[in-house]
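The block underneath contains the structure these notes are about, expressed in C-alpha cells.
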Amino acid sequence: MEYNSIPYPNFSISEFITRKAKDFCNRRIRTAGDISVKINIDQLENELYTLNNDKDRIQFIAYTISHINEIVAQHLPICKTKGCRIEPDSQELLYFLYGQLEENDLHVDVDQFSRDETYANNDKINQIIRELKELKAGQEIIFEEVDLLTIDSAITEAEELKGLQILGKNKWFKLVAGFAAEYGATKVLDEVFKGSIMPIIASLGSFITGLLK
Numbered sequence: 306m307e308y309n310s311i312p313y314p315n316f317s318i319s320e321f322i323t324r325k326a327k328d329f330c331n332r333r334i335r336t337a338g339d340i341s342v343k344i345n346i347d348q349l350e351n352e353l354y355t356l357n358n359d360k361d362r363i364q365f366i367a368y369t370i371s372h373i374n375e376i377v378a379q380h381l382p383i384c385k386t387k388g389c390r391i392e393p394d395s396q397e398l399l400y401f402l403y404g405q406l407e408e409n410d411l412h413v414d415v416d417q418f419s420r421d422e423t424y425a426n427n428d429k430i431n432q433i434i435r436e437l438k439e440l441k442a443g444q445e446i447i448f449e450e451v452d453l454l455t456i457d458s459a460i461t462e463a464e465e466l467k468g469l470q471i472l473g474k475n476k477w478f479k480l481v482a483g484f485a486a487e488y489g490a491t492k493v494l495d496e497v498f499k500g501s502i503m504p505i506i507a508s509l510g511s512f513i514t515g516l517l518k
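Going letter by letter, the sequence shown gives residues 306 to 518 in this note's numbering.
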C-alpha cells in the first residue's frame, strides 16, 4: 500500500468532538445531582488527555461548560434541599474548566453571548457550511485535490467556530474575521465568499463588519 498521501477524514472533526463531549456529559454529569467535584475533575482530565490538540480540547470544554450551566440553571429554581451543594460544587467544576482555557492562553471575555445569540450565530454559521458543501457537491467545477482539501478545511473550521463562542464576543468575532480573511483569499473560495458567504458573515452584526473593513 502506498502512503504518499493520507486521505482527509470522511467525517467532521468538530461534530466528532461535540459528540464526544455530549456523550461524556450524558454519562458523567447528566443532571445537577451528578456533580461531584473530585470525581468529575478526574474524569475530565482523563477525557481531555485523549484529545489531540488545543482546538479540540477547547471545543470539548466549551460544550461541557454550557451543559453544566444549563443543568444547574434548571435545578436551582426547583431545589428544596437545605444547604444544597449543587451551586458551589458546580462553581468549583467551572473554575477548573475555565482554568483549562487559561492554560491554553485563552482568556474568556466578560461580554458573553446569551443563549439566543448563540443559537442565532450557530444558524448563520450553518448557512456558511451549507454554502461550502453545496460548492463542493456542485457539478459545474471539477476541483483539484488541493482545492477539495481547502473546502473541507473551511467546513471544519466553520464547525469549530460554533463551539468557540464560549470565549466571548470580542474574541469570537475576531476568529470569524480571521476565518473570512484566510479562506476568502483562496482562489477556490474567492467567488463564493464574495457572492454569498461575506453577506452572511456581515449579518452577524456591526462589530464584525468593523473588523472586516
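In this text, a Cβ means the ideal position worked out from N, Cα and C, and glycines have one as well.
Near residue i, what residues of its chain come up, given a Cβ to Cβ distance below 8 Å and the 5 sequence neighbours on each side ignored?
i, result
"V497", "E436, L437 and L440"
"I456", "L437, L440, K441, F448, V493 and L494"
Quick one: residues in its chain with C-beta nearer than 6 Å to the C-beta of residue i, no 5 flanking neighbours on either side, listed in chain order?
i, result
"F512", "F478"
"I505", "K429, Q432 and I433"
If we count the other Cβ atoms within 10 Å of its Cβ and call it buried at 16 or more, is residue i buried or exposed?
i, result
"D347", "exposed"
"S419", "exposed"
"N426", "buried"
"V377", "buried"
"L472", "buried"
"A326", "buried"
"A486", "exposed"
When the Cα of residue i is compared with those of the options, which residue comes out closest?
i, options, result
"L509", "V377, V481, A486 and L494", "V481"
"R324", "A490, G404, F365 and A486", "F365"
"D328", "N357, Y368 and G338", "Y368"
"Y403", "I322, R335, K385 and S371", "S371"
"N374", "K385, G388, T386 and Q396", "Q396"
"N345", "T491, F401 and K499", "F401"
"L356", "A337, I318 and C389", "I318"
"T386", "D421, A337, E422 and D361", "A337"
Compare the beta carbon distance of residue i and residue j with 8 Å and say whether it is the shorter of the two.
i, j, result
"K474", "D428", "no"
"L469", "I363", "yes"
"L406", "I340", "no"
"E350", "E464", "no"
"M503", "G483", "no"
Given this structure, state the Cα-to-Cα distance separating residue i from residue j, to the nearest angstrom.
i, j, result
"L454", "T461", "10 Å"
"V342", "Y424", "29 Å"
"F316", "L353", "20 Å"
"D394", "R332", "18 Å"
"R335", "N431", "27 Å"
"S458", "I383", "45 Å"
"D359", "K476", "16 Å"
"C389", "I322", "32 Å"
Could you pull out every residue in the same chain whose Cβ sits closer than 7 Å to the Cβ of residue i, ignoring the five residues on either side in sequence?
i, result
"E392", "V377 and L381"
"S501", "E436"
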